[in-house]
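Visitor:
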Amino acid sequence: MRILTEELKCQHWDAADEIHRSLMVDHINEVNQWMVGIKRLIAETRKLPTVDLALEEQEVATQLEPEHQ
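Following this line, the structure appears as structure tokens:
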């Protein structure tokens, strides 16, 4: 799942799909309840405009940090 997350952050949609398929084939008993949602997340994220998700995530984290006085 960590690798899948990294592929999504880097907008590597095909790699994310491959990881999804691998999880569904190799670990179906563990993942079948929630992998439909992951598949939908990949499909919907693929439709979004291209942005640097890692940079955006860092900006959000910076905004949430308490201010130093």
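In numbering that gives the first Met the number 0, the protein residues as written are 0 to 68.
Positions of the beta carbon are idealized from the N, C-alpha and C atoms, including for glycine.
If you're wondering where the values come from, they're calculated on a predicted model, not measured in any experiment.
1. Applying the criterion that 16 or more other CB atoms from any shown protein chain within 10 Å of the CB defines a buried residue, is Leu7 buried or exposed?
2. Cα separation between Ser21 and Val30?
3. Measuring alpha carbon to alpha carbon, tell me which of Arg45, His19, Thr49, Lys46 ends up nearest Val35.
4. Who are the near neighbours of Asp25 in its chain, counting only those whose CB is closer than 6 Å to its CB and skipping five residues on each side?
5. In the structure shown, what three-state DSSP assignment does Thr61 receive?
6. Look up His19 in the DSSP assignment and say whether it is helix, strand or coil.
Guide: Let me lay it out:
1. buried
2. 11 Å
3. His19
4. Result list for Asp25: empty, nothing under 6 Å.
5. DSSP, read as helix, strand or coil, puts Thr61 in helix.
6. The answer is helix: DSSP assigns His19 an H, G or I state.
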